[in-house]
Amino acid sequence: MEHSWQKRDTGITVRIIICLSILTLLYVIFITVLAYLGLGFIPIMLISATFILAQWFFSDKIVLWSTHAKIVTSHQYPSLHSLVERIVSRTNMPMPKIAVAVNRIPNAFATGKGPGSSVVAVTTGLLEILDTDELEGVLAHELTHIKNRDVMVITLASLFSTIAWQIMQFGFYGSLYSGGSRDRNNGSAFLIVILVAFATWLLSFFIIRAISRYREYSADRGAAQMTGKPAKLANALMKISGTMNRVPTRDLRQVEGYNAFFIIPAISRSTFANLFSTHPSVEKRIERLLDMEASMH
Amino acid sequence: MKFFKRLLNKIESETAASNAKHDDSDAIFSLASASLLLEEKLGLKFSKTAALCIKIINGGLFKNTINDCTGLLDVSKEEFKFDYKIFTDSFDYLWIIINGKDLPTNSDIITNVAAALSSTGDIIEEHGFSNQILSAIFQFKFFDIHNNSTINYKNDNSYNNKKNLYLIYNYKTNNFYPYIPIDNVYRDASKELQVLSILKSVISVEEDFSKWFPIKGIPF
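If you read the sequences in order, they're chains U and D.
Just so you know, we're using the numbering used here here: the first sequence kicks off at 2 and counts up by one.
Just so you know, we're using the numbering used here here: the second sequence kicks off at 5 and counts up by one.
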């Protein structure tokens, strides 16, 4: 029997990624058009700076809006609030706002510009399946993201890639103008600009994903340190990812008759898929958490 | 049957020469150090009880094999300090349950019990019934770490009284995995994960959770 919450969730992550990608794409197209129209370097830099700042400033609103998460008060979810309060008071962080999304799929995320103005959001599905210790682990993971200013780190990383891309673009336009043969080479030059822009964007896409995966490990680590219970977070990850569903409940003596089960290989995801993901595989995260657990005892 | 061969190599050095290619003969000591780790880090003590679980085949040959096993256990139980009993469960599996006697150190007890299991397994293997062996199961009990303390630890006390860890050695995959039943349906996966994390440096553990099949109603 498989419940909907036991399936590997991608819903919320996909929605956030789609929203932010569309924004980035619009921004790239807009700047390209401006540059193509021959606007100067300084005005374009100002416009892009405004865009990036706006995106950063409204990032939490965009994320909450795209996931349908609503800010909740301590009257609505008292135990959730007190759980977060206990963690933040131990780690000397300001209390974040708490949001809940009505969604059967268990998930949690953090957003915000810094420890002072951040939001930790959980889905109702998460509250349903996790016990208190596991929920504490997940919340501590999200709080570590806030403490580490991971939203800012990723925004900065994207900013550098954007700047690199624009410098390259202006380099092309500069040589184009000085060459004096603008009309004849116009079409092919524009194509090259688009291609280089695309290559830069693609490269930064993978780099940002690599950084993001690394931030996930450090958030796991931080959560384990905050709660002192890495095995509980590993447990929560198993539940959220549906790995827990793989721990069998049927008796060994019952399945022994079907000898076939021994040859089923463990499902391994390709490295290609890993390149695209912002999170490391759950197996690897669980393994690292368990190593921490072992070293703690 | 690598595990029992490895165990046997340790006990009877003359067979070690013929099995030189399976020279991974540290298993029995690994088991002893695993029990030390569990005691030190999780407050789990070997309960002196372990068992071999064997699928029964009707017929004289199998019966003779089991008679040979009990014969061996009878002659060696004085030297290796253990008692044993035989049990048949509702799945029609035969359990040879070994009860170690008190010895100065826990390592000695688990070493002796494992040696008894390994020689039993070897007899079954010699008779050509190795496929019938399902698993070897070692029982560990939580002892109260806070015995002398007046502080009442909310979770630990109720926990320690009820739950046992069964370290299951799967005969087909040659790996150990933990099983901590809460009742007939549920298991304590989070504690099992802790056990896995602690043991994986000393014994070969099953890292694929989908193979952690429970054995319900273990008769000891």
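Each residue gets a CB set at the ideal place from its N, CA and C atoms; glycine is no exception.
Where residue i falls, given that 16 or more other Cβ within 10 Å makes a residue buried
{"i": "Leu-204 (chain U)", "result": "exposed"}
{"i": "Val-29 (chain U)", "result": "buried"}
{"i": "Lys-233 (chain U)", "result": "buried"}
{"i": "Asn-188 (chain D)", "result": "exposed"}
{"i": "Asn-62 (chain D)", "result": "exposed"}
{"i": "His-147 (chain D)", "result": "The residue you asked about is not His; residue 147 (chain D) is Phe in the sequence shown. Its Cβ having fewer than 16 others within 10 Å, Phe-147 (chain D) is exposed."}
{"i": "His-4 (chain U)", "result": "Note that His-4 (chain U) scores a pLDDT of 39, beneath 50, so its modelled location is shaky; the value from the coordinates is reported in the next line. With fewer than 16 other Cβ atoms within 10 Å, it is exposed."}
{"i": "Ser-123 (chain D)", "result": "buried"}
{"i": "Tyr-173 (chain D)", "result": "buried"}
{"i": "Thr-51 (chain U)", "result": "exposed"}
{"i": "Lys-220 (chain D)", "result": "buried"}
{"i": "Thr-125 (chain U)", "result": "exposed"}
{"i": "Gly-41 (chain U)", "result": "exposed"}
{"i": "Ile-32 (chain U)", "result": "buried"}
{"i": "Thr-133 (chain U)", "result": "exposed"}
{"i": "Glu-217 (chain U)", "result": "buried"}
{"i": "Ala-24 (chain D)", "result": "For Ala-24 (chain D), the pLDDT reaches just 37, beneath the cut-off of 50, and the residue's location in the model is therefore unreliable, although a value from the coordinates is still provided. Under this definition Ala-24 (chain D) is an exposed residue."}
{"i": "Glu-137 (chain U)", "result": "buried"}
{"i": "Ser-60 (chain U)", "result": "buried"}
{"i": "Leu-138 (chain D)", "result": "buried"}
Residue i, DSSP secondary structure in three states
{"i": "Phe-199 (chain U)", "result": "helix"}
{"i": "Leu-243 (chain U)", "result": "A small fix is needed here, since residue 243 (chain U) is Gly in this sequence, not Leu. Gly-243 (chain U) falls in the coil class under three-state DSSP."}
{"i": "Thr-92 (chain U)", "result": "helix"}
{"i": "Ser-119 (chain U)", "result": "strand"}
{"i": "Asn-188 (chain D)", "result": "coil"}
{"i": "Phe-144 (chain D)", "result": "strand"}
{"i": "Thr-53 (chain D)", "result": "strand"}
{"i": "Lys-233 (chain U)", "result": "helix"}
{"i": "Gly-221 (chain D)", "result": "coil"}
{"i": "Leu-169 (chain D)", "result": "strand"}
{"i": "Leu-48 (chain D)", "result": "strand"}
{"i": "Val-73 (chain U)", "result": "strand"}
{"i": "Val-154 (chain U)", "result": "helix"}
{"i": "Val-199 (chain D)", "result": "helix"}
{"i": "Phe-59 (chain U)", "result": "coil"}
{"i": "Leu-40 (chain U)", "result": "coil"}
{"i": "Trp-3 (chain D)", "result": "Residue coverage of chain D in this structure runs from 5 to 224, which leaves residue 3 (chain D) outside it and unanswerable."}
{"i": "Lys-204 (chain D)", "result": "coil"}
{"i": "Lys-81 (chain D)", "result": "coil"}
{"i": "Ser-215 (chain U)", "result": "Residue identity differs from the one stated: residue 215 (chain U) is Tyr in this sequence, not Ser. Looking at Tyr-215 (chain U) - three-state DSSP - the assignment turns out to be helix."}
Residue i versus residue j - alpha carbon distance
{"i": "Glu-135 (chain U)", "j": "Thr-177 (chain D)", "result": "31 Å"}
{"i": "Ala-140 (chain D)", "j": "Ala-225 (chain U)", "result": "34 Å"}
{"i": "Gln-56 (chain U)", "j": "Pro-97 (chain U)", "result": "20 Å"}
{"i": "Leu-121 (chain D)", "j": "Ile-102 (chain D)", "result": "8 Å"}
{"i": "Glu-288 (chain U)", "j": "Leu-169 (chain D)", "result": "21 Å"}
{"i": "Ser-67 (chain U)", "j": "Leu-290 (chain U)", "result": "31 Å"}
{"i": "Gly-132 (chain D)", "j": "Pro-185 (chain D)", "result": "33 Å"}
{"i": "Lys-62 (chain U)", "j": "Gly-229 (chain U)", "result": "32 Å"}
{"i": "Tyr-215 (chain U)", "j": "Phe-217 (chain D)", "result": "34 Å"}
{"i": "Val-152 (chain U)", "j": "Glu-211 (chain D)", "result": "34 Å"}
{"i": "Thr-74 (chain D)", "j": "Val-117 (chain D)", "result": "14 Å"}
{"i": "Phe-199 (chain U)", "j": "Val-139 (chain U)", "result": "36 Å"}
{"i": "Phe-66 (chain D)", "j": "Pro-223 (chain D)", "result": "22 Å"}
{"i": "Ile-99 (chain U)", "j": "Arg-150 (chain U)", "result": "17 Å"}
{"i": "Ala-235 (chain U)", "j": "Ile-43 (chain U)", "result": "50 Å"}
{"i": "Asn-68 (chain D)", "j": "Ile-128 (chain D)", "result": "10 Å"}
{"i": "Thr-25 (chain U)", "j": "Tyr-181 (chain D)", "result": "48 Å"}
{"i": "Phe-207 (chain U)", "j": "Thr-201 (chain U)", "result": "10 Å"}
{"i": "Thr-250 (chain U)", "j": "Lys-167 (chain D)", "result": "17 Å"}
Assumed close pair residue i, residue j - CB separation to whole angstroms, cut-off 8 Å
{"i": "Gln-258 (chain D)", "j": "Ala-54 (chain D)", "result": "Look at the range of chain D in this structure, 5 to 224, and you will see that residue 258 (chain D) is not part of it."}
{"i": "Thr-115 (chain D)", "j": "Ala-36 (chain D)", "result": "5 Å"}
{"i": "Val-103 (chain U)", "j": "Val-73 (chain U)", "result": "That pair is no contact at about 11 Å."}
{"i": "Leu-127 (chain U)", "j": "Ala-109 (chain U)", "result": "6 Å"}
{"i": "Ala-295 (chain U)", "j": "Ser-201 (chain D)", "result": "4 Å"}
{"i": "Lys-105 (chain D)", "j": "Lys-89 (chain D)", "result": "Incorrect: roughly 14 Å between the Cβ atoms, too far for contact."}
{"i": "Ser-242 (chain U)", "j": "Val-283 (chain U)", "result": "4 Å"}
Counterpart residues of residue i in DSSP-defined beta bridges
{"i": "Ile-137 (chain D)", "result": "D:Ile-58"}
{"i": "Gly-113 (chain U)", "result": "U:Ser-119"}
{"i": "Trp-99 (chain D)", "result": "D:Cys-57 and D:Phe-91"}
{"i": "Ile-70 (chain D)", "result": "Answer is none; Ile-70 (chain D) lacks a bridge partner."}
{"i": "Asn-174 (chain D)", "result": "D:Ser-139 and D:Asn-179"}
{"i": "Thr-344 (chain U)", "result": "Limits of chain U in this structure are 2 at one end and 298 at the other, which puts residue 344 (chain U) out of reach."}
{"i": "Val-85 (chain U)", "result": "Note: Val-85 (chain U) sits in no beta bridge, so no partner."}
{"i": "Gly-104 (chain D)", "result": "D:Phe-86"}
{"i": "Val-209 (chain D)", "result": "D:Phe-180"}
Within chain C, the residues that residue i reaches when beta carbons sit closer than 7 Å
{"i": "Arg-247 (chain U)", "result": "Protein chains U and D are contained in the structure displayed, whereas chain C is not."}
Heavy atom of the ligand MN within 7 Å of residue i beta-carbon
{"i": "Asp-96 (chain D)", "result": "This structure lacks the ligand MN; in fact it carries no ligand of any kind."}
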